[in-house]
Amino acid sequence: MQIAKEISVTTRTAPAAAQATVYGYPRQGQGRELKKAVEGYWKGRVDATALRSVAAGLRAANGRRLAEAGIDEVPTGDFSLYDHVLDTTVMVGAIPERHREAVAADPLAGYFAMARGTQEVAPLEMTKWFDTNYHYLVPELGPGTVFSAHSARQVAELREALALGLTARPVLVGPVTYLLLAKPAPGVAAGFDPLTLLDRILPVYAEVLADLRAAGAEWVQLDEPALVQDRTPAELNAAARAYRDLGALTDRPKLLVASYFDRLGDALPVLAKAPVEGLALDFTGPAAANLDDLAAVGGLPGKRLVAGVVDGRNVWVADLEKALATLGTLLGLAGRVDVAASCSLLHVPLDASAEKDVDPQILRWLSFARQKTAEVVTLAKGLSAGAAAVAGELSANRAALASRAHSPLTRNPDVRARAAAVTPADARRSEAYAERAAAQRARLRLPLLPTTTIGSFPQTAELRGARADLRAGRIDADGYEERIRAEIEEVVAYQEEAGLDVLVHGEPERNDMVQYFAERLDGYLATRHGWVQSYGTRYVRPPILAGDISRPAPMTVRWTSYAQSLTDRPVKGMLTGPVTMLAWSFVRDDQPLADTARQVALALRDEVTDLEAVGTSVIQVDEPALRETLPLRAADRPGYLAWATEAFRLSTCGVRPDTQIHTHMCYAEFGDIVQAIDDLDADVISLEAARSHMQVARELAAHDYPREAGPGVWDIHSPRVPSPEEAAALLRAGLRAIPAERLWVNPDCGLKTRGWPETRASLDHLVAAARTVRAELSPS
Ligand code: GLN
Ligand code: ZN
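Taking our numbering, I'd label the letters of the sequence shown as residues 3 to 782.
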């Protein structure tokens with residue numbers, strides 16, 4: 003075989019054994035011990051010493067487990083009580099002014115105050131770590147920021163690992179990425195560029211590196227994932243300067259600069275030339291382009307290359323032979339090649355073998371952190387000793403891949419035939435917007451500035467209790483159904499009484515807007531223990547999009563039509579859109595995302611059709627994730643937006659002209675996807691806008707957005723109740739951008755996290771505001 007040949011050729015020229023390593027491991031522990039200890043500390047049930055000892059125990063267990071699995075060099079410093087970017091903020095002494103006193107008084111309590119805020123002080127802002135579902139705390143910097151080195155935690159965690167007899171490599175967020183992730187501190191001009199602080203932060207990194215070396219680090223890894231995004235020449239220059247300066251230090255460990263999530267592109271020649279001893283690159287998915295790019299710059303002669311050939315973000319077994327072939331090619335391009343997962347294993351669940359409910363035939367396709375670690379070890383061994391040395395592993399892997407490729411779960415001929423038969427007309431409404439709008443106006447007879455909500459009403463303890471009762475067998479399906487119906491009755495009655503125009507059923511039956519549908523679609527798998535950190539102590543269990551997707555039965559029709567039976571006003575059907583279904587799941591890696599999206603879209607299309615058939619006149623398909631899955635590189639965005647918007651239209655365009663399609667997204671910054679929003683061709687879109695004072699309304703207007711829109715007038719992220727005057731003022735601001743005939747009145751997002759008292763008060767005010775402004779429009 004070709005692989006065997008490549009390996010036998012190259013092993014002669016590279017006698018050093020390839021090492022196996024990873025950049026980070028899930029933090030929470032098998033029994034979610036970390037979450038329990040941290041939350042216990044917050045509640046005062048666990049003291050600081052006990053929390054620290056749980057954390058140290060988890061770190062030791064992870065380190066030992068990795069070493070026992072055959073990992074030659076384990077990471078340290080990847081562990082965190084809350085977030086590793088916040089840890090970096092502590093390491094460089096960039097504690098925001100408002101938190102300094104608390105941190106000085108009690109570093110641990112102060113640390114959590116930065117993460118979560120207190121009655122008196124706001125936390126740091128939280129945002130997504132690149133295009134993952136992990137959220138980090140955003141550093142706040144300004145021209146006055148003074149950095150100082152605090153290496154104690156990093157040093158202590160390295161010493162811990164060394165004391166266990168492990169070979170360890172501290173992992174730090176690199177200085178360039180740290181600055182690029184930061185934002186101007188409150189009170190600092192928005193135009194402030196944190197990268198201007200580079201010369202001030204480098205001495206701090208120099209000090210930390212020296213401390214780590216003194217503590218016994220041979221290598222230190224500096225993570226620079228921000229360099230896989232499009233970067234300006236000035237930013238690339240900053241990266242060049244950073245690593246020239248750090249490389250020139252005399253008292254330092256060897257440096258491994260790591261990137262992941264995509265190809266390095268223009269940053270690759272910069273880092274390849276830098277005076278550092280090693281680079282870690284991602285070779286999975288779109289980042290596989292790093293291979294050709296590396297050859298084009300002449301490789302990394304004399305340097306260490308850590309090759310991320312096992313995808314650290316998906317849940318599937320790797321194609322080991324293919325990975326080995328890539329590694330074989332890389333051997334010719336660097337002084338030494340080691341093997342790793344493409345990124346920290348933080349983004350995958352801990353252990354697939356814990357999933358006792360998953361069919362064993364399918365279980366062998368799955369690879370979580372523990373299994374990925376084993377794959378890395380196998381590949382390192384195969385690279386060093388030749389494919390024959392891992393023949394058993396390779397043949398088991400081949401069999402697992404073959405079983406997946408030929409399984410009826412992954413290949414459903416009916417689903418495939420239907421997806422292949424889709425025509426452009428299927429993804430287009432039968433009438434242009436103007437005709438649809440007239441037909442909808444005639445059918446719905448709504449007042450000017452119609453009022454509505456985004457879908458969910460408070461998910462009360464009683465509702466969660468009903469689901470727990472059902473799971474535990476304390477009530478049966480009928481008993482559960484009865485409780486849900488009772489809730490729908492209450493929600494509908496309240497909305498009528500409040501005077502809302504387009505009602506909802508309130509989504510009481512939904513545990514989660516993606517999971518609910520995943521559980522009802524064939525082709526999706528659920529896990530029992532597949533927890534992944536979303537932020538802090540919040541963990542989610544994303545469903546796994548494992549096979550071809552179909553809908554065995556209607557999923558929501560029963561609830562929507564029950565709600566509709568209780569009122570004469572229109573009740574909106576409520577679905578989660580195809581892009582969001584993909585974004586908040588683990589997706590399959592054996593076909594293009596576009597194909598998976600199309601299958602999900604067709605299943606949703608059936609649901610839309612069924613809702614329409616029972617008389618639903620308004621149907622909302624939520625796509626809150628449309629923007630967050632935008633590819634990191636601008637060049638990849640048009641392709642993504644093309645399939646994403648097509649999938650949305652495919653799910654919504656099978657309806658009659660007088661059925662009104664709504665969509666919803668919850669974020670304020672959407673300037674870069676406004677064309678895509680237009681391309682959804684939804685009749686009405688609701689968006690988050692309250693905090694930004696209707697900025698999105700102005701952006702839509704600037705784009706000449708032709709259809710109806712509901713920029714939110716109530717910020718539902720806090721329990722604060724907006725006054726009728728405040729909501730009216732926002733509405734008037736909306737009217738300056740969007741004409742009254744096309745403006746809706748609604749909150750920013752769903753109400754599931756709110757309590758009933760503030761929900762009632764706020765919606766009453768929202769309706770009052772709509773009435774006031776309507777009266778101003780037609781003084782008669
Ligand atoms: N319809 C959903 C709800 O109201 C939308 C949630 C969301 O935008 N994330 O909860
Ligand atoms: Zn929302």
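No residue lacks a Cβ here, since even glycine has one placed at the ideal position from N, Cα and C.
From the DSSP output, which residues share a beta bridge with H666?
Taking the first residue of the sequence shown as position 1, residue 666 is located at position 664. D624 and S688, per the DSSP bridge assignment.
Cutoff 6 angstroms; reference Q223; Cβ partners in own chain excluding five residues on either side:
As a first step, residue 223 must be located in the sequence shown, where it is residue number 221. Taken in chain order, the residues that qualify are R171, V173, L258 and A260.
Starting from H137, trace the beta strand (DSSP E) both ways and give me its first and last residue.
As a working note, residue 137 is residue 135 in the sequence shown. Element bounds for H137: H137 to L139.
Status (buried if at least 16 other CB within 10 Å, exposed otherwise) for V11:
Looking up residue 11 in the sequence shown gives position 9. With a pLDDT of 40 at V11, under the threshold of 50, the modelled position of that residue is not reliable, and the figure given next carries that caveat. By the neighbour-count rule (16 or more Cβ atoms within 10 Å), V11 is not buried but exposed.
Please state the DSSP three-state secondary structure of V506.
By 1-based counting over the sequence shown, the position of residue 506 is 504. Note: V506 maps to coil in three-state DSSP.
Between the stretch 543 to 551 and the stretch 406 to 421, do three or more beta carbon pairs fall short of 8 angstroms?
yes
Ligand 1 and D624: does the residue's C-beta get closer than 7 angstroms to at least one heavy atom of that ligand?
Position 622 of the sequence shown holds residue 624. Yes, the Cβ of D624 comes within 7 angstroms of a heavy atom of ligand 1.
Tell me which residues share the same chain as W131 and place their Cβ nearer than 7 angstroms to its Cβ, disregarding the 5 neighbours each side in the sequence.
By 1-based counting over the sequence shown, the position of residue 131 is 129. The residues are H137 and Y138.
Could you give the DSSP three-state label for F650: helix, strand or coil?
Taking the sequence shown and counting its residues from 1, the one referred to as residue 650 is at position 648. Three-state result, F650: helix.
Proximity of A57 and L36 at Cβ, strictly below 8 angstroms
One-based indexing of the sequence shown puts residue 57 at position 55. One-based indexing of the sequence shown puts residue 36 at position 34. Result yes, Cβ atoms of A57 and L36 sit closer than 8 angstroms.
Looking only at its own chain, which residues have a Cβ that is under 7 angstroms from the Cβ of L682, when we skip the five neighbours before and after it?
Here residue 682 is taken as the residue at index 680 of the sequence shown, counted from 1. The residues are T647, F650, R651 and T665.
The stretch 66 to 77 / the stretch 16 to 32 touching (three or more Cβ pairs under 8 angstroms)
yes
Under 8 angstroms between the Cβ atoms of V506 and G457?
Residue 506 sits at position 504 when you count from the first residue of the sequence shown. Residue 457 sits at position 455 when you count from the first residue of the sequence shown. Yes, the pair counts as a contact, with Cβ atoms nearer than the cut-off.
Rounding to the nearest angstrom, what Cα-Cα distance links V698 and P510 in this structure?
Sequence index remark: in the sequence shown, residue 698 carries index 696 (1-based). Sequence index remark: in the sequence shown, residue 510 carries index 508 (1-based). The alpha-carbon atoms of V698 and P510 are separated by roughly 29 angstroms.
Would you say I621 and T661 are within 8 angstroms of each other, going by their C-beta atoms?
What you label residue 621 is simply residue 619 of the sequence shown in a count that begins at 1. What you label residue 661 is simply residue 659 of the sequence shown in a count that begins at 1. In contact: I621 and T661 (Cβ atoms closer than 8 angstroms).
If I'm right that L266 touches R776 with Cβ under 8 angstroms, what's the distance once you round it to whole angstroms?
Residue numbering aside, residue 266 sits at position 264 when the sequence shown is read from its first letter. Residue numbering aside, residue 776 sits at position 774 when the sequence shown is read from its first letter. In fact, because the Cβ distance is near 55 angstroms, the residues do not count as touching under 8 angstroms.
Cα-Cα separation, A336 to A39:
On the sequence shown, residue 336 is found 334 positions in, with the first residue counted as 1. On the sequence shown, residue 39 is found 37 positions in, with the first residue counted as 1. Using only the alpha carbons, I get a separation of about 44 angstroms.
Rounded to the nearest angstrom, what separates R447 and A735 at their Cα positions?
Mapped onto the sequence shown, residue 447 falls at position 445. Mapped onto the sequence shown, residue 735 falls at position 733. Taking the straight line joining both Cα atoms gives about 25 angstroms.
For V341, is the classification buried or exposed, using 16 other Cβ atoms within 10 angstroms of its Cβ as the cut-off for buried?
Start at 1 with the first residue of the sequence shown, and residue 341 comes out as number 339. So V341 ends up on the buried side.
In this structure, how does DSSP classify S536 when only helix, strand and coil are distinguished?
As a position in the sequence shown, residue 536 is number 534, starting the count at 1. The answer is strand: DSSP assigns S536 an E or B state.
Going by the CB atoms, is the gap between V230 and D264 shorter than 8 angstroms?
What you label residue 264 is simply residue 262 of the sequence shown in a count that begins at 1. What you label residue 230 is simply residue 228 of the sequence shown in a count that begins at 1. Yes, these two residues count as a Cβ contact at 8 angstroms.
Span separating the alpha-carbon of F285 from that of A500
Within the sequence shown, residue 285 is the residue found at index 283, counting from 1. Within the sequence shown, residue 500 is the residue found at index 498, counting from 1. If I take the Cα positions, the gap works out to 56 angstroms.
Consult DSSP for E433 and reduce its assignment to one of helix, strand or coil.
Mapped onto the sequence shown, residue 433 falls at position 431. Three-state DSSP puts E433 in coil, outside helix and strand.
Environment of K7 [buried if 16+ CB atoms lie within 10 Å]:
The residue you call residue 7 lines up with position 5 of the sequence shown. Bear in mind that a pLDDT of 40 at K7, under 50, signals an unreliable position, so the model cannot answer this.
Would you mind working out which of G757, G31 and I718 sits nearest A371, comparing C-alpha positions?
Translated into the one-based positions of the sequence shown, residue 371 becomes position 369. Comparing Cα-Cα distances from A371 to each of G757, G31 and I718, the minimum goes to G31.
Roughly how many angstroms lie between the CA atoms of T328 and V299, to the nearest whole one?
Your numbering for residue 328 matches position 326 in the sequence shown. Your numbering for residue 299 matches position 297 in the sequence shown. Spanning the two alpha carbons is a distance of roughly 17 angstroms.
With a CB to CB cut of under 6 angstroms and the five nearest residues on each side skipped, what residues in its chain are close to H531?
The residue given as residue 531 occupies position 529 in the sequence shown. Excluding positions up to five away in sequence, the list reads A356.
Give me the Cβ distance between A759 and W716, rounded to the nearest whole Å; I'm assuming they're in contact under 8 angstroms.
Stepping through the sequence shown from its first residue, residue 759 is reached at position 757. Stepping through the sequence shown from its first residue, residue 716 is reached at position 714. Checking the sequence, you will find Pro at residue 759 rather than Ala. Actually they are not in contact, since the Cβ atoms of P759 and W716 sit about 14 angstroms apart, beyond 8 angstroms.
Span separating the alpha-carbon of A106 from that of C668
The residue labelled residue 106 in the question sits at position 104 within the sequence shown. The residue labelled residue 668 in the question sits at position 666 within the sequence shown. Distance between the alpha carbons of A106 and C668 is about 37 angstroms.
Is K130 near ligand 1, in the sense that its beta carbon is under 7 angstroms from a heavy atom of that ligand?
What you label residue 130 is simply residue 128 of the sequence shown in a count that begins at 1. False, no ligand heavy atom lies under 7 angstroms from that Cβ.
Per DSSP, Y526 is paired with what?
Stepping through the sequence shown from its first residue, residue 526 is reached at position 524. Note: Y526 sits in a beta bridge opposite L547.
Is it buried or exposed for D213, if we count other Cβ within 10 angstroms and need 16 for buried?
For the purposes of this step, residue 213 is taken as residue 211 along the sequence shown, with counting starting at 1. Answer is buried; the Cβ neighbour count reaches 16.
Can you tell me where the beta strand (DSSP E) with P77 in it begins and where it stops?
The residue labelled residue 77 in the question sits at position 75 within the sequence shown. Residues V76 to T78.
Taking G249 as the reference, which of V157, L273, L181 and A228 has the closest Cα?
Your numbering for residue 249 matches position 247 in the sequence shown. Minimum Cα distance to G249 is reached at L273.
Any chance the CB of H719 is under 7 angstroms from a heavy atom of ligand 1?
As a working note, residue 719 is residue 717 in the sequence shown. Not so, every heavy atom of ligand 1 lies at least 7 angstroms from the Cβ.
Limits of the unbroken beta strand (DSSP E) element including M128
The residue you call residue 128 lines up with position 126 of the sequence shown. M128 to K130 is the extent of the beta strand (DSSP E) around M128.
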